[in-house]
Structure formats: C-alpha cells, structure tokens
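Residue numbers (the working numbering): 154 to 527. Just so you know, even glycine gets a beta-carbon here, dropped at the ideal spot from N, CA and C.
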Amino acid sequence: MTVEDLRAAARHRVPRSVFEFVDGGAEDELTMQRTREAFARVEFRPRVLGGAEAVDISTTLFGRRMTQPLVLGPTGFCRLSHHEGERAVARAAASAGIPFGLTTMGTVSLEDVAAVGGPAAARWFQLYVMRDRGLTLELIERAKAAGYEALLVTVDTPVTGQRRRDVRNGFSVPPKLTPRTLLDLSRRPAWWMNLLTTEQLTFASVPAGEPEAHAAFIDGVFDPAVSFADLEHVREVWDGPLLLKGVQTVEDARRAADHGADGVVLSSHGGRQLDRSPVALEVLPEVVSAVGDRLEVLLDSGVRTGADVAAAIGLGAKACLVGRPYLYGLMAGGEEGVETMIEIFASELRRTMHLLGAPTVDDITPSMVRLREA
Ligand SMILES: Cc1cc2nc3c(=O)[nH]c(=O)nc-3n(C[C@H](O)[C@H](O)[C@H](O)COP(=O)(O)O)c2cc1C
154 MTVEDLRAAA RHRVPRSVFE FVDGGAEDEL TMQRTREAFA RVEFRPRVLG GAEAVDISTT
214 LFGRRMTQPL VLGPTGFCRL SHHEGERAVA RAAASAGIPF GLTTMGTVSL EDVAAVGGPA
274 AARWFQLYVM RDRGLTLELI ERAKAAGYEA LLVTVDTPVT GQRRRDVRNG FSVPPKLTPR
334 TLLDLSRRPA WWMNLLTTEQ LTFASVPAGE PEAHAAFIDG VFDPAVSFAD LEHVREVWDG
394 PLLLKGVQTV EDARRAADHG ADGVVLSSHG GRQLDRSPVA LEVLPEVVSA VGDRLEVLLD
454 SGVRTGADVA AAIGLGAKAC LVGRPYLYGL MAGGEEGVET MIEIFASELR RTMHLLGAPT
514 VDDITPSMVR LREA
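This is the structure:
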C-alpha cells in the first residue's frame, strides 16, 4: 500500500549491508531525519465544493508531458539492489511515462539503458564532472548521441559524505569476503546467485570503471574543484535542459540562473552528503520567489508519498525526484516493484488532489499548503 511497505519488503530481499547502503545517510543522519519531519509538518488547506468530477495529475516539464510530476532520480549501483538494476528502472519509468535520470555511476552503460526504454522514454543523464575534462566531454557527447534529453549536473559531492552504516557494515563493491560479510550474504542466497550469474558489477559508463570502494572511486575520479566556470563549459556543449542538482540555498540558485542553468534540483542528496544541510522543502518557497521566473525549481530528499509531491508542488516545485523509494521497490521486486512504487505515488497524488479540490497540478496553489511550526 505504501513506500514504507516496499521498504519493509526490501529489507528481507537483500543483504543487510546493501539495504543499509541505500537506506542510510551521512554522519548523524540529522538532515535525513529533518527532511521527513518537514513533510510531517505539512498542513493542507483544501477548497471545498470545487465540483471536479476527476483530477488530472499529469504535467509538462521542458516541453514534455509527464503522467505525474515525478522523476526517478539518479542513484549509483542499481544492480546491487537487483541484478537487472538500471534496466528495470528505465523500463518501469518508460512504461509509466515519467523520466528516469541515469547516474554517471550506473552499473549498466548509458547506451544500454537508453536502448531498453523504447522510443517514448524520457531520458535524463546525471553528470559528475571528472578530473579529466576530456572524458567528461566525451560522456556528455555520448549522452547526447544516445538520446538523453536533460542533463543534471550534481554539485553536492566534492567528496563523499561519511555513511557510518557503510563503514560499520564493511560495505564495499563488490562485497569483500570476510566472515561477517559472508554471513550477511549467506542469508540472501538468491540475491547472491543473481549477482554471481550476471555481468560483473562495474561503473559501466565510465572508462576504467572497476568499482572498488565507492567513496574512493568518487574521490579519485570526480573533481572536487568543479566551479561555475565548468558549468558554463557544460552549457556551451549541451543545448538541452541543464539542471544543477544539489543546490541548497537561494544564493546558489541565483548563481545557477546567472550561469545558464535551466533548472535546479533543491536537494540534500537524501541527507547522504553534508549532514545538517538545509531541508529542501523549507528552502523551496524562498528559492521559488527569488528565481522561479528564471528557473524550473525541482525538489528531492525525503519525498515518500504522493501527498509529499502535492505539498512540494503547492510550495512552488515543478516536480519531485525520488531516490530511495524506487530502490526499495527495486530491491523488493525488480521492475514490478518499481512499477508498484510509481503507481502508489500516482494514486496518493490523485486522491490528495481530489480531497484538496485541485483538479489539475496547476491548481495546487501556495495557499493550499502551509508548514506548521516545528
Ligand atoms: C543509493 C543511492 C545512490 C545515489 N547515487 C547518486 C548518484 O550517483 N548521483 C546523484 O546525483 N545522486 C545520487 N543519489 C541521490 C539521489 O539522486 C537523490 O538526490 C536522493 O536519493 C533523494 O532523496 P530520497 O532518497 O530521500 O528520495 C543517490 C541516492 C541513493 C539513495
């Protein structure tokens, strides 16, 4: 019935270290908790007797119709959650009519992911700027050639946040065989067999993409010194929609607009990077009032229900991205699990809009949503 149900099912399907890699956040996980607390403070102010027979949850973003204002955001290592990984996610997104943003850290190559979605798929690609700018440019060109429409440049990961659960679990990719990890893995033989009998886990889009320690790879290959000048270079070679993902303040949203971005994703990376960083939902109204006329403002982190999406739309977002919700679905049941997650969001959003008296997404106005005092 809910994403929380999928999360509970996921826990029983994969090794604990894999579940916690997905589920966990950085340091004390304060930002992660605060994102959920903020959504719990949402109060809806419905319009009664609006008289709509049906509601339409579809929307248009960058000239593309989407069946609901939801994007499956970029997440690394999908093939750890389920052996079909990014292929399953791309198929589920395409058949549901919403975009999937493939990460640079994908475990299926960007060309292979593009091929499974079919001609109607809305493909987004997420870029980490690498130390080797030549390789970075190549990756952008490959994404363009493979039919990706929008580019998300993630800017909140100069280094990896400390994920304490991963350190304590001895998490690594591929799993290191110690007595503890062997015990963990032996409890999930089906997952383990699927992993062993399918193609090796690599960062399939990046040359020399043998994943070892996730954090070591990020810190070695991606450039911590990326600047707004780099964004301008990306802008020169990418003519489709360009979004900065991981913006957390009004100042940076303004700078994104000044340097040619078409949109920003307000995001704390799901509380996985800088702990105690702002909560996207709380920053949203201020950002929309400062740059809403120049940028499409999207939001992620902590979005778990269609009602959360309605709240974000009411406070000015054009759409929400989700990370963990579809990974819970993927762990719980592969492609079908992701489809279930998307359907859960659609039915919750439809019901919320009906009860709110908002027949279309554009009818969810700021006056319908307020945040109660903490
Ligand atoms: C397991 C995992 C891996 C992720 N990998 C990436 C990544 O490679 N690139 C990126 O920009 N964001 C990555 N993210 C962040 C997501 O794109 C998104 O910002 C975040 O998951 C949203 O929060 P939510 O999980 O609460 O929905 C990852 C998130 C998770 C949970």
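Under the rule that 16 or more other beta-carbon atoms within 10 Å means buried, what is residue i, buried or exposed?
i: ALA378; result: exposed
i: ALA541; result: It is not possible to answer for residue 541, since the shown part of the chain is limited to 154 through 527.
i: ARG321; result: exposed
i: GLU239; result: buried
i: GLY423; result: buried
i: THR256; result: buried
i: SER380; result: exposed
i: GLU492; result: buried
i: GLN353; result: exposed
i: LEU335; result: exposed
i: ASP337; result: buried
i: ALA245; result: buried
i: SER339; result: exposed
i: ALA369; result: exposed
i: ALA343; result: exposed
For residue i, which option in the options has the closest C-alpha, if you only look at C-alpha atoms?
i: LYS329; options: VAL522, PRO168, PRO512; result: PRO168
i: GLY373; options: CYS473, GLY203, PRO311; result: PRO311
i: GLU237; options: ASN347, VAL440, VAL224, ILE210; result: ASN347
i: VAL359; options: LEU292, LEU419, THR402; result: LEU292
i: ASP158; options: PRO342, TYR479, GLU526; result: TYR479
i: ARG457; options: ARG166, SER170, ASP176, THR334; result: ASP176
i: LEU483; options: VAL387, ALA205, ARG232, THR334; result: ARG232
i: PHE356; options: LEU508, VAL450, MET219, VAL266; result: VAL266
i: ASP181; options: ASP319, LEU508, GLN401; result: ASP319
i: SER211; options: THR518, MET506, PRO519, VAL261; result: MET506
i: GLY487; options: ALA162, GLN279, ALA268; result: ALA162
i: PRO199; options: PHE172, ASP516, VAL156; result: ASP516
i: THR220; options: HIS235, MET258, ALA274, ARG194; result: ALA274
i: SER442; options: ARG503, ALA470, ASP428, GLY459; result: ALA470
i: GLY387; options: LEU349, GLU435, ARG286, PRO327; result: Note on identity: in this sequence residue 387 is Val, with Gly being the wrong assignment. With distances taken between Cα atoms, VAL387 lies closest to ARG286.
i: SER520; options: ALA527, GLU526, GLY510; result: GLY510
i: VAL261; options: VAL403, HIS235, ARG189, ALA298; result: HIS235
i: GLY259; options: PHE253, ARG525, THR228, TRP344; result: THR228
i: MET154; options: ILE495, LEU524, LEU508; result: ILE495
i: ALA249; options: GLU435, GLU489, LEU263; result: GLU489
For residue i versus residue j, is the C-beta distance shorter than 7 Å?
i: VAL432; j: ARG187; result: yes
i: LEU474; j: VAL522; result: no
i: PRO222; j: ILE466; result: yes
i: MET283; j: PHE192; result: no
i: LEU288; j: LEU395; result: no
i: VAL242; j: LEU214; result: no
i: ASP453; j: SER420; result: yes
i: GLY271; j: ALA296; result: no
i: ALA499; j: VAL444; result: no
i: ALA485; j: ARG166; result: yes
i: ASP309; j: GLY399; result: yes
i: ALA179; j: GLN315; result: yes
i: HIS412; j: LEU451; result: no
i: TYR281; j: THR313; result: no
i: ARG503; j: VAL195; result: no
i: LEU202; j: ASP428; result: no
i: GLU501; j: GLY455; result: no
For ligand 1, is there any heavy atom lying closer than 6 Å to the beta carbon of residue i?
i: THR289; result: no
i: MET258; result: yes
i: ARG477; result: yes
i: THR228; result: yes
i: ASP428; result: no
i: VAL436; result: no
i: ASP372; result: no
i: GLY423; result: yes
i: GLN279; result: yes
i: GLY459; result: no
i: SER262; result: no
i: ASP453; result: yes
i: SER170; result: no
i: THR313; result: no
i: SER520; result: no
i: SER358; result: no
i: THR307; result: yes
i: SER420; result: yes
Hey, would you say the C-beta of residue i is under 6 Å away from at least one heavy atom of ligand 3?
i: VAL175; result: Of the ligands this structure carries, namely ligand 1, none is ligand 3.
Excluding five sequence neighbours on each side, which residues of the same chain lie with their C-beta closer than 8 Å to the C-beta of residue i?
i: LEU448; result: ALA406, ALA409, ALA410, ALA414, ASP415, GLY416, VAL417
i: GLU173; result: ARG318, ASP319, ASN322, PHE324
i: LEU290; result: VAL390
i: GLU294; result: VAL390
In chain order, what residues of the same chain have a beta carbon less than 7 Å from the beta carbon of residue i, not counting five sequence neighbours either side?
i: GLY300; result: ALA267, ARG276
i: ARG333; result: GLY323
i: GLY476; result: GLY226, THR228, GLY423, ASP453
i: PRO327; result: LEU354
Sorted by chain position, which residues of the same chain lie with C-beta nearer than 6 Å to residue i's C-beta, five sequence neighbours on each side aside?
i: ARG425; result: GLY178, ALA179, GLY314
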